[in-house]
Amino acid sequence: MRNPQLNAKGELHHLLSIEGLPRAIIERILTTADSFINIASREVKNVPLLRGTAVFNLFFENSTRTRTTFEIAARRLSADVFNLDITRSSTAKGESLLDTINNLTAMQADMFVVRHAASGAPYLIAQHVAPHIHVINAGDGRHAHPTQGLLDMYTIRHYKRDFANLTVAIVGDILHSRVARSDIHALTTLGVPEVRAVGPLTLLPSGLEEMGVRVCTRLEEGIKGADVIIMLRLQNERMRGALLPSAEEFFRNYGLTPEKLRLAKPDAIVMHPGPMNRGVEIDSHVADGSQSVILPQVTFGIAVRMAVLSITASSQRIE
Amino acid sequence: MKLAIVNGRVADPASGHDAMADVAIVDGRIAAIGAAPPGFKPDRIIDARGLIVAPGLVDLCARMREPGAEGALKIEMRAALAGGVTGVVCPPDTDPPLDEPGLVRMLRQRSREAAGARLYPLGALTAGLAGETLAEIETLHEAGCVAFMQTRALPHDKSVLLQAMRYAKTFDLPLWLRPVEDTLAASGVAAAGAVAGRLGLPSVPVAAETVALHTVFELQRAAGSPRVHLARLSSAAGVELVRQAKRAGLPVTADVGIHHVHLIDIDIGYFDSNYRLDPPLRSQRDRDAIIAGLADGTIDAICSDHTPVGEDDKLLPFGEAAPGATALETLLPLVLQWAARANVPLIRALGKVTSDAARVLGEPTGRLAVGAKADLVVFDPNARWRAVPEALVSDGKDTPFARHELEGRARFTLVGGEVRFERA
């Protein structure tokens, strides 16, 4: 079974998941992002790489932040950007996901940036679009958020230079996190020797060990000696079932405070995909502290998404 | 009407007969196996050279979509015949559920008109299958229901299950249960494990099956041991619990869907919704335990779990796609494929879809015996064919085996001595 995001020449045609991406492609995306980083500081922020390309942002699930960064990235590449907020109620009116895709294809779309609440939805779309169209996964269910994973790698490389000797801890709600899954695949592909998943057993999915991850149920153990700490967002709805008793108890056990951060390496960086819940997974003193790289992550995110859009756009579908 | 099937290899799991023989059929019943009766002059002779003559398949679960999709039964019955299936057990998860005698009579009438396979309807165990109040199961039995099923999962309220068992025991009616604890299965769409974890799919833990089995066995003991059939086992732990229950003497039987004999969760690949099945596909260890359970008799029968799903209901993200697959026409070759791979003698493999299934059902079918109704299939074990969805008879086109090359195909299907299907 060929990885559906690569064409027959092994080039990136869609970006659906980091799982199964060759290391060389990930590195090419990071290197290409380097060349886009400086554009933001120029007077003319645009390059003409995607002039005449129609990029449709298809957000079946709301996310202003991710959509905006994709929009900025596409505009800086001179693409024509169309935003469609397709709430689930409008698809419930009778038009199926694939009908929507076919309609948009008829509007001369070239790229779809897709956010969907169901794991795997971008795969279904990629399977059924016309051959010239590229699909970028902007987050599907609990499955993957590959551009977030790539921008996290860009951030780590920026501050740590090399992946070869790092210990990276991912902390919080791993079970429901597409970011965690994408980060894990990226980190293991790039050769990070120790990736730790930290959280209570109710928020850790099965199969983490098979993904090359060390499971830690205590924060202290998980971040000890870490070079990088990635905190995940904990959604309020997790407190409604039996996964967690309260936000307060979660913070007491897994919230990153200045005291706990001292267990990590002195030069450890703290990351978060946003939006943050201050006082739930992260203390404000850490979020705003000197080791936090949360805002640079956002800036790098635009360059990384420019790299992904331009690289996928340049591939041809070859069967 | 007199019919002779000559030169074939006659394989009858019930008697163990497996040798070249001719079969004589008179007035819908088998008149002789071997030498024809004196003076036998057949109206038609079927030459079965190179073919196998076996009892028609008895499928313990095939959805005919009626009531609900009017006209569907006729098509699905033709699919059954094309697959060599001469008896279909229809679960009550229709729309509306099969919980009223009038619906059962209507269904049986339509089945007679369709002239397909024999119909064995399962009545709903609870009204509307809601798991709250008992359906009129004794009256439904009178109307033709062979057993009573709670589909999808055990009733949420276990006191309803206990009373259902006591009531069924009163009339010695068998209960068919899906060993699924709904509170644990919740909204899971894939088996708990590395694959679901990696793909980010909501999962069903093995405990959803084992807790349900423990519950069934305890309540069965409390209710005076009514007969229970466990439909669609999926896990190694579940198979082991059934093995122990049988050893302890509880009156239980069990089946497995054919897909779970072949496939595992890894086969889901990149979210292929053809592999979205209920119960979800589990690990290789679970599949191996299912195969071992078939070998030692813990699992009595294999069914197709035939579920025609509309194309639009499969063209959805994995978790939103309707579960189920079309399977009446692939059941026979997939049973043969399992037999070849697991080194199971042909006659024992066929037993799982004929005589063993009939024993679960308690019906005098699934065997080739003098005097028995001539429900049989003549199939070519070596016929290679590609399962092209558009070419399937069933309205259901979605199968994990789409475009796979399969081996073994029905050539003639007879119900009550009448050739109801033949393929050149």
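Each protein sequence line maps, in turn, to chains A and B. When we follow the working numbering, the leftmost residue of the first sequence carries the number 64, and every step to the right adds one. When we follow the working numbering, the leftmost residue of the second sequence carries the number 7, and every step to the right adds one. C-beta atoms are modelled at their ideal positions from N, C-alpha and C, and glycine is treated no differently.
Listing by chain order, which chain B residues have their CB less than 8 Å from the CB of residue i?
i	result
P67 (chain A)	Y276
R128 (chain A)	Correct list: empty, because the minimum Cβ distance to chain B is about 20 Å.
R244 (chain A)	R204, G206
Judging by CA-CA distance, which residue of the options is the nearest neighbour of residue i?
i	options	result
E82 (chain A)	A:M369, A:L253, A:S159, A:V177	A:L253
V217 (chain A)	A:T375, A:D346, A:V371, A:E106	Note on identity: in this sequence residue 217 (chain A) is Tyr, with Val being the wrong assignment. Of A:T375, A:D346, A:V371, A:E106, the residue nearest in Cα terms is A:V371.
L75 (chain A)	A:T94, A:N166, A:L121, A:V198	A:V198
A10 (chain B)	B:P48, B:A25, B:G34, B:A85	B:P48
V59 (chain B)	B:A345, B:G422, B:V425, B:D386	B:D386
G299 (chain B)	B:I51, B:I272, B:H266, B:D318	B:H266
L236 (chain B)	B:G230, B:V222, B:W344, B:L183	B:L183
H221 (chain A)	A:T375, A:A366, A:S377, A:R65	A:A366
E335 (chain B)	B:D163, B:P406, B:P103, B:I270	B:P406
L306 (chain A)	A:L93, A:G204, A:I237, A:A180	A:I237
A202 (chain B)	A:L266, A:G270, A:E257	A:G270
R116 (chain B)	B:E142, B:A75, B:G89, B:M155	B:A75
S353 (chain A)	A:S378, A:R281, A:A331	A:A331
N228 (chain A)	A:V176, A:N166, A:T95, A:V291	A:V291
R172 (chain B)	B:R233, B:V262, B:A149, B:G255	B:R233
V261 (chain A)	A:G285, A:I247, A:S245	A:G285
Run down chain A in chain order and give the residues with a C-beta less than 9 Å from the C-beta of residue i.
i	result
L321 (chain B)	S159, L160, L161, L187, H191
Which same chain residues end up closer than 7 Å to residue i when comparing Cβ atoms and leaving out the 5 residues on each side of it in sequence?
i	result
A218 (chain B)	L160, P185, V186, E187
L161 (chain A)	H191
R390 (chain B)	E411, E413
P208 (chain B)	S193, G194, V195, G325
Q379 (chain A)	N70
Going by DSSP, name the residue or residues bridged to residue i.
i	result
V359 (chain B)	In DSSP, V359 (chain B) forms no bridge with anything.
K379 (chain B)	B:R35
G263 (chain B)	B:C309
M26 (chain B)	B:R15
E428 (chain B)	B:F418
G304 (chain A)	Paired residues: none, contrary to the question.
M294 (chain A)	A:V234
K8 (chain B)	B:V32
C96 (chain B)	B:P127
P61 (chain B)	B:L382
A141 (chain B)	In the DSSP output, where bridge partners are listed per residue, A141 (chain B) has none listed.
V248 (chain B)	Looking at the DSSP assignment, V248 (chain B) forms no beta bridge with any residue, so it has no partner.
V258 (chain A)	A:V231
In chain B, which residues lie with their C-beta within 7 Å of the C-beta of residue i?
i	result
P268 (chain A)	G203
Q274 (chain A)	Correcting the residue identity first, residue 274 (chain A) is Met in this sequence and not Gln. Under the 7 Å cutoff, chain B gives R204.
R241 (chain A)	G206
Skipping 5 residues on each side, what residues in its chain have a beta carbon closer than 8 Å to that of residue i?
i	result
R373 (chain B)	D18, P19, A20, S21, P61, T360, S361, A364
A52 (chain A)	It is not possible to answer for residue 52 (chain A), since the shown part of chain A is limited to 64 through 382.
R71 (chain B)	A78, L79, E82, T100, P314, D401
T139 (chain B)	T132, A133, V166
G34 (chain B)	M7, K379, A380, G422, G423, E424
H220 (chain B)	L247
I89 (chain A)	I81, L213, M216, A249, T252, L253
A355 (chain B)	V341, L342, W344, A345
P283 (chain A)	First, the residue type needs correcting, since residue 283 (chain A) is Glu and not Pro in the sequence shown. Hits under 8 Å: K323, L326.
Check the Cβ of residue i against every Cβ in chain B and list those closer than 9 Å, keeping chain order.
i	result
L271 (chain A)	A200, G203
For residue i, which residues in the same chain have their Cβ closer than 6 Å to its Cβ, ignoring the five residues on either side in sequence?
i	result
S152 (chain A)	Annotation note: pLDDT 48 at S152 (chain A) (below 50); position unreliable, coordinate value reported separately. Around S152 (chain A): no qualifying Cβ.
S240 (chain A)	L295
A242 (chain B)	R291, D292, A295
E273 (chain A)	none
If the cut is a Cβ gap below 7 Å, which residues of chain A does residue i touch?
i	result
L207 (chain B)	S182
D318 (chain B)	S159
So residue i contacts chain A; which residues on that side make the cut at Cβ distance below 8 Å?
i	result
G325 (chain B)	A181, S182, G183, G204
Is residue i close to the ligand SAH? I mean its beta-carbon at under 7 Å from any heavy atom of the ligand.
i	result
G372 (chain B)	Ligands are entirely absent from the displayed structure, and the ligand SAH is therefore not among its contents.
Could you check whether the Cβ of residue i sits closer than 8 Å to any Cβ belonging to chain C?
i	result
H268 (chain B)	Protein chains in the displayed structure are A and B, and chain C is not among them.
If we count Cβ pairs, one from each stretch, closer than 8 Å, do we get three or more for the stretch 186 to 205 of chain B versus the stretch 279 to 291 of chain B?
-> yes
Counting pairs of Cβ atoms below 8 Å between the stretch 120 to 137 of chain B and the stretch 96 to 112 of chain B, do you hit three or more?
-> yes
At a cut of 8 Å, does the stretch 374 to 385 of chain B reach the stretch 302 to 319 of chain B through at least three beta carbon pairs?
-> no
Are the stretch 313 to 325 of chain A and the stretch 349 to 367 of chain A in contact at 8 Å, needing three or more beta carbon pairs?
-> yes
Between the stretch 228 to 235 of chain B and the stretch 314 to 332 of chain B, are three or more C-beta pairs nearer than 8 Å?
-> no
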